[in-house]
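Chains as they are written, first to last, in my numbering: chain W, 1 to 311; chain H, 1001 to 1247.
Here's what the structure looks like:
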């Protein structure tokens, strides 16, 4: 059941349509990712969803509420962690979260929440003395303190080191396990692939694609690249006969096979039948990163064509 | 605890953690009186020009007013301007908290600081320099708090709209000096030309000096001066809530 519905959202700054007709819906209990290049309109979209921006046209429904007209009620039910928000340098972690707790009707137990986010030992630290990861986790804690139904997290892991990023991912999964629907804006494909049930790719203010990570990868073919060094020479023709194989190349003593579907099994069984040992066997799979680049660059070139035709 | 109380508690602690704001807020009026009394020759002597009162007698209420103006127009606005500039208000904006609560918290904290600072200044003046004990202490406290509320409302309005802490400071200063001038900081109100004194009567700080001077030396402050301060406090305070910008 969708709990966020956005239809034909348009937001214009000056003469540019930053958001140019975005439509999507988010189902209860899922982690919904919004990805796209810088300036694609991701942040404007989520800021409209939480009622900070008034759309120029389009319809937004969040939990049956209109984000602009019912803004107060919306803030009770939607926790948001937005970019460029911060706290006072000298505020203590416990002071900040206790204060934020007092803003809501049904606040969570802030001590428990800090423990859950790994900030239990930092309760007495001042904000300025926290690491980047700790600040982000505190910001997540503040977004969750009001027991929201939906959490909106914008560029949560930007600027974090890989370790802090991973621990933040665990946090996000735990939020979902608690039954909170998560809208996650990111430009890390690894993050989107690992966390999101569904992803919307936004480019130049429009929706370029929507689907699960697997569906998006599938859409661009889902190629797999096999590399190995055969113990004995192998005939290219034999490999090419396999329906799963698309092309075969030689790089020095290595064979590189590009294929699809169950190509790994097809190639390894052929090698086994020929009693050839494959040394240094490696499989590279197309990831969401490739799919994303394909989807966005595809739109770019199409967009350019249109412009050229127009001029 | 309610949101306003929580905000007040946290803002109070943050105020105490800022040594410069704390020093200026709490000690400045008392220190200024001490410096005037100790280093200006003849400042504490009875003067025939002033009908037997000393310059310090006349200046004591002005120093109290100066302390309030400093707190309200110099210290307060950059706090909110800085919150806006740094994104602290942006973070708060996603919560159900109403701007009136944020402004109330600042008002309460600054009133508390003013109360301590004002008491310290009165004690210093009386104990060190033989200034008369305030004759009508309740009226003096009432006038002082109304003056504080009117000054802080103006500071809140500046803080409600200024984009950065620097612009808040600049706007605050732009109001600070004319306000002090009209309060008799450089030309005592008693020797101001009539038109100027009428303008002074209508400003919150001019009314404040008159009301505090009267209370100190045994005359109940006029309803007019109290009304001027109250109207400024309420009207500008409501305006601050109405015009408050998160970003």
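Backbone N, C-alpha and C fix where the C-beta goes; we use that ideal spot for every residue, glycine too.
Under 8 Å between C-beta atoms, does residue i make it to chain H?
| i | result |
| --- | --- |
| residue 49 of chain W | no |
| residue 308 of chain W | Unreliable placement is indicated for residue 308 of chain W, whose pLDDT of 42 sits below 50; the coordinate value is still reported in the next sentence. Residue 308 of chain W does not count as touching chain H. |
| residue 149 of chain W | no |
| residue 43 of chain W | no |
| residue 85 of chain W | yes |
| residue 75 of chain W | yes |
| residue 311 of chain W | Residue confidence for residue 311 of chain W is low, a pLDDT of 38 falling below 50, so the modelled location carries little weight; the figure read from the coordinates is stated next. For residue 311 of chain W, the answer is no, since every Cβ of chain H falls outside 8 Å of its Cβ. |
| residue 104 of chain W | yes |
| residue 80 of chain W | yes |
| residue 108 of chain W | no |
Is the CB of residue i under 8 Å away from at least one CB in chain W?
| i | result |
| --- | --- |
| residue 1159 of chain H | no |
| residue 1088 of chain H | yes |
| residue 1102 of chain H | no |
| residue 1127 of chain H | no |
| residue 1242 of chain H | no |
| residue 1106 of chain H | no |
| residue 1166 of chain H | no |
| residue 1007 of chain H | yes |
| residue 1094 of chain H | yes |
| residue 1002 of chain H | yes |
| residue 1113 of chain H | no |
| residue 1017 of chain H | yes |
| residue 1013 of chain H | yes |
| residue 1133 of chain H | no |
If contacts are defined as beta-carbon pairs under 8 Å, then residue i and residue j qualify, I think. What distance do you get, rounded to the angstrom?
| i | j | result |
| --- | --- | --- |
| residue 191 of chain W | residue 83 of chain W | Between residue 83 of chain W and residue 191 of chain W the Cβ distance is about 15 Å, and since that is not below 8 Å, they are no contact. |
| residue 152 of chain W | residue 80 of chain W | 4 Å |
| residue 76 of chain W | residue 1006 of chain H | Not really, about 17 Å apart at Cβ, beyond 8 Å. |
| residue 1112 of chain H | residue 1237 of chain H | Their Cβ separation, rounded to whole angstroms, is 17 Å, which puts residue 1112 of chain H and residue 1237 of chain H out of contact at 8 Å. |
| residue 223 of chain W | residue 286 of chain W | 5 Å |
| residue 145 of chain W | residue 110 of chain W | 6 Å |
| residue 22 of chain W | residue 219 of chain W | Contact doesn't hold; Cβ gap of about 19 Å is too wide. |
| residue 949 of chain H | residue 1105 of chain H | No information on residue 949 of chain H is available, as it lies outside the stretch 1001 to 1247 that chain H covers here. |
Note the first and the last residue of the continuous alpha helix (DSSP H) segment covering residue i.
| i | result |
| --- | --- |
| residue 1023 of chain H | 1019–1039 |
| residue 200 of chain W | Note, residue 200 of chain W: premise wrong, no alpha helix (DSSP H); beta strand (DSSP E) at 198–203. |
| residue 95 of chain W | 93–101 |
| residue 212 of chain W | Careful: residue 212 of chain W lies outside any alpha helix (DSSP H) and carries neither H nor E. |
| residue 1155 of chain H | 1137–1161 |
What first and last residue would you give for the beta strand (DSSP E) that runs through residue i?
| i | result |
| --- | --- |
| residue 230 of chain W | 224–230 |
| residue 3 of chain W | 2–13 |
| residue 282 of chain W | 278–285 |
| residue 268 of chain W | From DSSP, residue 268 of chain W is part of no beta strand (DSSP E) but of the alpha helix (DSSP H) over 263–273. |
| residue 258 of chain W | 254–259 |
| residue 1121 of chain H | First-last for residue 1121 of chain H: 1099–1129, but that is the alpha helix (DSSP H), not the beta strand (DSSP E). |
| residue 57 of chain W | 57–62 |
| residue 249 of chain W | 245–251 |
| residue 25 of chain W | 16–27 |
How about residue i: is its Cβ closer than 7 Å to a heavy atom in the ligand HEM?
| i | result |
| --- | --- |
| residue 1171 of chain H | With respect to the ligand HEM, the structure shown offers nothing to examine, as it has no ligands at all. |
Of all Cβ atoms in chain C, is any one closer than 8 Å to the Cβ of residue i?
| i | result |
| --- | --- |
| residue 13 of chain W | No chain C appears in this structure, whose protein chains are W and H. |
- Message: Using 8 Å as the cut-off, can you tell me whether the segment 127–139 of chain W makes contact with the segment 1048–1055 of chain H, which would need three or more C-beta pairs spanning the two stretches below that distance?
- Response: Taking 8 Å as the limit for Cβ pairs, the verdict is that the segment 1048–1055 of chain H does not touch the segment 127–139 of chain W.
- Message: Within 8 Å, do at least three Cβ pairs link the segment 177–185 of chain W to the segment 270–289 of chain W?
- Response: no
- Message: Would the segment 48–59 of chain W count as touching the segment 188–207 of chain W if we require 3 or more Cβ pairs under 8 Å?
- Response: no
- Query: Counting pairs of Cβ atoms below 8 Å between the segment 1139–1150 of chain H and the segment 1209–1218 of chain H, do you hit three or more?
  - Reply: yes
- Message: Does the structure place the segment 1149–1167 of chain H close enough to the segment 1079–1086 of chain H that three or more beta carbon pairs sit under 8 Å?
- Response: Because the criterion of three Cβ pairs below 8 Å is met, the segment 1079–1086 of chain H and the segment 1149–1167 of chain H touch.
- Counting only runs of 4+ residues fully inside the segment 78–146 of chain W, write out the alpha helix (DSSP H) ranges in chain order. 93–101, 110–116, 132–144
- Message: If contact is defined by three or more beta carbon pairs under 8 Å, each pair taking one atom from either stretch, is the segment 193–200 of chain W in contact with the segment 212–221 of chain W?
- Response: yes
- At 4 residues or longer, and completely inside the segment 158–201 of chain W: list those alpha helix (DSSP H) runs for me, N to C. If only uninterrupted alpha helix (DSSP H) runs of at least 4 residues are considered, those enclosed by the segment 158–201 of chain W are 162–177, 189–195.
- Counting pairs of beta carbons, one from the segment 1084–1094 of chain H and one from the segment 1179–1190 of chain H, are three or more of them closer than 8 Å? no
- Are the segment 247–260 of chain W and the segment 225–233 of chain W touching by the rule of at least three beta carbon pairs closer than 8 Å? yes
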